[in-house]
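Q:
There are 2 protein chains.
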Amino acid sequence: MAGDPLSRVFAALADPTRRDMVTRLAVADATVGELAEPYDVSVQAVSKHLRVLEDAGLVSRSRDAQRRPVHLEAEVFDLMTKWIERYRRQAEERYRRLDDVLRDMPDDVDPLPPPQEGQQS
Amino acid sequence: MAGDPLSRVFAALADPTRRDMVTRLAVADATVGELAEPYDVSVQAVSKHLRVLEDAGLVSRSRDAQRRPVHLEAEVFDLMTKWIERYRRQAEERYRRLDDVLRDMPDDVDPLPPPQEGQQS
DNA sequence: GCTTTCCTCAACCGAATGGTTGAGGAAGAG
DNA sequence: CTCTTCCTCAACCATTCGGTTGAGGAAAGC
Numbered sequence: 001m002a003g004d005p006l007s008r009v010f011a012a013l014a015d016p017t018r019r020d021m022v023t024r025l026a027v028a029d030a031t032v033g034e035l036a037e038p039y040d041v042s043v044q045a046v047s048k049h050l051r052v053l054e055d056a057g058l059v060s061r062s063r064d065a066q067r068r069p070v071h072l073e074a075e076v077f078d079l080m081t082k083w084i085e086r087y088r089r090q091a092e093e094r095y096r097r098l099d100d101v102l103r104d105m106p107d108d109v110d111p112l113p114p115p116q117e118g119q120q121s
Numbered sequence: 001m002a003g004d005p006l007s008r009v010f011a012a013l014a015d016p017t018r019r020d021m022v023t024r025l026a027v028a029d030a031t032v033g034e035l036a037e038p039y040d041v042s043v044q045a046v047s048k049h050l051r052v053l054e055d056a057g058l059v060s061r062s063r064d065a066q067r068r069p070v071h072l073e074a075e076v077f078d079l080m081t082k083w084i085e086r087y088r089r090q091a092e093e094r095y096r097r098l099d100d101v102l103r104d105m106p107d108d109v110d111p112l113p114p115p116q117e118g119q120q121s
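Residue numbers (UniProt numbering), protein chains in the order written: chain A, 1 to 121; chain B, 1 to 121.
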């Protein structure tokens, strides 16, 4: 389907039903039937949604008798986080430079350190 | 078009060309022509992409003579960040609770709560 | 064996998406 | 006023997407 992994993750989360599934899966693993129950669509539609999430690497399915328990995979979220953080750093860098120009070039003071807890690449 | 703001933001960033535009706009504002130049598509296509980004609130356009300078709007990224953080909190909460269960096993704890999930807000 | 439960695959459908081309508005340059 | 530049709107086209229904596989229960 769609090309790069990042596009797949963003596209997968662009659907509110899929986002809701992810939210619920963050609480507990669930079977396809359990996942489908609150929504007003067919089980097949939910199965399709799960395939999209699985292709994006957000979810994995194992096997337990006839059931296919769905499990949320956390790592892929880091892809997004990293991309967003990169943008954020660039934007801050941009404003920092603008600030420097307006302040007539100070030495190397960093007036706005990124307020983040460890997520740096 | 697509419904809620969060869906629009995710959908807007699901396209690699649009993500690249955002990356470049994080460095500096740009006109439509400047933005279109590196890509192998028509200017109209780029204009459409910008419309998607604008509808998502990621970008704003002003007017300078015939030119329409494009400016990146940072606030909307917080929508995503907040959603991701909420997921992260839930996931951590989940593992914390699992830890509690394995450690203590109280009486009236239901280890598999029925799918009475609240809708995602 | 047969049935039931849980789930996926396949085909189809309408709507949205990303691209094209062509026409045209808006504003500066001559 | 005319021309050029920059950009958007409109129509069209192929593909993808989210949904449906119908058929069927896999594993437990009878």
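C-beta atoms are modelled at their ideal positions from N, C-alpha and C, and glycine is treated no differently.
Since we're looking at a predicted model, the values are computed, not measured.
Which of the three DSSP states is assigned to S60/A in this structure?
A: Walking along the first sequence from the start, residue 60/A turns up at place 60. In this structure, S60/A counts as strand in the three-state DSSP scheme.
Q: Kindly identify the DSSP beta-bridge partner or partners of L72/A.
A: For the purposes of this step, residue 72/A is taken as residue 72 along the first sequence, with counting starting at 1. Bridge partners of L72/A: V59/A.
Q: Please confirm whether V27/B has its beta-carbon closer than 8 Å to some beta-carbon of chain A.
A: The residue labelled residue 27/B in the question sits at position 27 within the second sequence. Yes, V27/B counts as interfacial toward chain A.
Q: Which residue comes first and which comes last in the alpha helix (DSSP H) that contains R8/B?
A: For this step, residue 8/B is matched to residue 8 along the second sequence. P5 to A12 is the extent of the alpha helix (DSSP H) around R8/B.
Q: Tell me which same chain residues have a C-beta within less than 6 Å of the C-beta of S60/B, skipping the five on either side of it?
A: Stepping through the second sequence from its first residue, residue 60/B is reached at position 60. Excluding sequence neighbours, S60/B sits near H71 and E73.
Q: What is the residue span of the alpha helix (DSSP H) that T17/A lies within?
A: Residue mapping note: residue 17/A aligns to position 17 of the first sequence, counting from 1. P16 to V27 is the extent of the alpha helix (DSSP H) around T17/A.
Q: Roughly how many angstroms separate the alpha carbons of H49/A and T17/B, rounded to a whole number?
A: If you number the first sequence from 1, residue 49/A lands on position 49. If you number the second sequence from 1, residue 17/B lands on position 17. Going from the Cα of H49/A to the Cα of T17/B covers about 24 Å.
Q: With respect to the alpha helix (DSSP H) encompassing V32/A, which residues constitute its N-terminal and C-terminal limits?
A: As a first step, residue 32/A is located in the first sequence; it is residue number 32 there, counting from the start. Its alpha helix (DSSP H) spans residues V32 to A36.
Q: Run the proximity test for R94/A: is its beta-carbon closer than 7 Å to any non-hydrogen atom belonging to the ligand MG?
A: The ligand MG is not among the ligands present in this structure, which contains no ligands whatsoever.
Q: Going by Cα to Cα distance, which pick from A45/A, D29/A, A91/A and W83/A is closest to S62/A?
A: Working through the first sequence from its first residue, we reach residue 62/A at position 62. Closest option to S62/A, Cα to Cα, is D29/A.
Q: Is there at least one Cβ from chain A nearer than 8 Å to D110/B's Cβ?
A: Within the second sequence, the letter at position 110 stands for residue 110/B. Bear in mind that the predicted position of D110/B carries a pLDDT of just 41, short of 50, making it too unreliable to give a figure here.
Q: Using 8 Å as the Cβ pair cut-off and three pairs as the minimum, do the region 7-16 of chain A and the region 75-86 of chain A touch?
A: Contact holds: three or more Cβ-Cβ distances are below 8 Å.
Q: In the DSSP assignment, what residue or residues form a beta bridge with residue 122/B?
A: This structure does not reach residue 122/B, given that chain B is present from 1 up to 121, and the question cannot be answered.
Q: A14/A touches chain B at which residues, Cβ-Cβ below 9 Å?
A: Counting from one through the first sequence, the residue named residue 14/A turns up at place 14. Correct list: A2, L6, S7, R8, V9, F10, A11, A12, L13 and A14.
Q: Kindly say whether A45/A, judged by its beta-carbon, lies nearer than 8 Å to any beta-carbon of chain B.
A: Within the first sequence, the letter at position 45 stands for residue 45/A. False, the Cβ-Cβ gap to chain B never drops below 8 Å.
Q: For T31/B, go through chain A and note every residue whose CB falls closer than 7 Å to its CB, in chain order.
A: If you number the second sequence from 1, residue 31/B lands on position 31. Within chain A, no residue comes near T31/B; the closest Cβ sits about 17 Å away, beyond 7 Å.
Q: Let me check understanding here. Comparing Cα to Cα, which of D99/B, R89/B and L13/B lies closest to V52/B?
A: The sequence position of residue 52/B within the second sequence is 52, counting from 1. For V52/B, the nearest C-alpha among the options comes from L13/B.
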